[in-house]
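Once you know that position 85 of the sequence shown is 85 in the numbering used here, the rest is easy, because the numbers rise by one and skip nothing.
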Amino acid sequence: MAIIGGIYAPNTPTLIGDLGVRHPATEKALQDLGERVRAQSTIDAALVVSPHFVTAQGFGLVGTSEMRQLFDFQGFPPEFYQVRYMPPGAPRVAQQLLSLCTQALIPAAMTKEWGLDHGAWAPLVHLFPRADVPIIPLSICPELGESGHDALGKQIQALAHDFNLLLIATGSLIHRLDLWNRPEPTYPEAARQYLEGVENALQTGDWSGLWRLPRVLRDQAAPEGGEYPLRVIAGAIPSFRGEILAEEQEFGAVSLTTVYLEPMPA
1 MAIIGGIYAP
11 NTPTLIGDLG
21 VRHPATEKAL
31 QDLGERVRAQ
41 STIDAALVVS
51 PHFVTAQGFG
61 LVGTSEMRQL
71 FDFQGFPPEF
81 YQVRYMPPGA
91 PRVAQQLLSL
101 CTQALIPAAM
111 TKEWGLDHGA
121 WAPLVHLFPR
131 ADVPIIPLSI
141 CPELGESGHD
151 ALGKQIQALA
161 HDFNLLLIAT
171 GSLIHRLDLW
181 NRPEPTYPEA
191 ARQYLEGVEN
201 ALQTGDWSGL
211 WRLPRVLRDQ
221 AAPEGGEYPL
231 RVIAGAIPSF
241 RGEILAEEQE
251 FGAVSLTTVY
261 LEPMPA
């Protein structure tokens with residue numbers, strides 16, 4: 001049993017339907033990656049950290065046997081709300097992760113108030129189009145800070161002694177919706193530097209280099225969910241070989257970066 005791999009994937013709703021912009025490189029990268037990880041081993045559960053699932057006072061886990069699909073976006077054409085993606089859950093795996101968190105004094109609880117938000121299912125429809133891989137949605141909890149998310153990742157690493165797991169974090173490294181539809185669709189220079197710095201760190205397996213990037217660059221990029229989704233992966237997969245599989249953008253405001261992190265011996 002092991003962590004099969006880690007994935008950082010975009011979660012924009014434009015991966016779901018046609019809004020006048022398409023991302024063929026991202027879609028193909030996700031499709032190919034889904035086939036790649038399935039070929040490695042049977043996946044007992046894919047744990048998905050979406051920046052749209054935010055909780056207070058502790059982490060939230062969805063451990064239901066069936067996933068409730070959430071359409072947590074507004075103002076899109078009707079066909080966006082007609083997409084159905086309802087994979088099974090993994091209650092036994094989720095319960096064991098909760099037990100590990102409790103033993104490690106990490107605040108966490110099961111919730112039935114959430115389900116599969118678009119931050120999870122937008123990339124999943126391309127990764128696993130048959131919706132047959134069991135999913136466990138995990139929240140971010142900003143008040144627990146960087147160390148709390150790293151600690152959650154470490155419990156996922158421990159969980160992998162008993163299950164074959166895939167860990168997926170979603171979001172955009174540049175997420176500047178305030179810049180949407182500007183006449184000049186280019187990233188601000190500081191945001192571009194942050195994106196390049198993160199991608200370089202991920203390609204070279206250098207978590208510490210990623211965390212050392214200047215705060216002013218991160219603030220200008222405004223990554224979705226901060227760096228918390230990546231912190232969970234870092235706790236679970238401390239040593240890795242990274243591969244950038246696709247890099248696209250929307251209107252100079254949002255980056256779409258698809259990364260595969262192959263676990264390596266420490």
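Backbone N, C-alpha and C define an ideal beta-carbon position, used for all residues, glycine too.
- Straight-line measurement puts the Cα of E224 at about 24 Å from the Cα of P263.
- DSSP lists L116 as the bridge partner or partners of Q69.
- Q69 sits close to M86, with the two beta carbons spaced by under 8 Å.
- Here DSSP, grouped into helix, strand and coil, assigns R241 to strand.
- D132 is not a Cβ neighbour of M1, given a cutoff of 8 Å.
- Under the three-state reduction of DSSP, Y8 is assigned to strand.
- I135 is bridged by DSSP to A46, G89.
- When secondary structure is reduced to three states using DSSP, E248 falls in the strand class.
- Of the residues P13, I16, H23, I4, the one whose Cα lies closest to the Cα of L245 is H23.
- In the DSSP annotation of this structure, the continuous segment of the beta strand (DSSP E) that includes G60 starts and ends at 59–61.
- V93 and V48 have their C-alpha atoms roughly 13 Å apart.
- Under the three-state reduction of DSSP output, T170 falls in the strand class.
- Remark: C-beta atoms of G242 and L213 do not approach each other more closely than 8 Å.
- Going by DSSP, S41 is part of no alpha helix (DSSP H) at all; its letter is neither H nor E.
- In the DSSP assignment, P77 falls outside any alpha helix (DSSP H) and carries neither an H nor an E.
- Around the CB of G63, 16 or more other CB atoms lie within 10 Å, so the residue is classed as buried.
- Contact between L33 and L127 holds: their C-beta atoms lie close to 6 Å from each other, under 8 Å.
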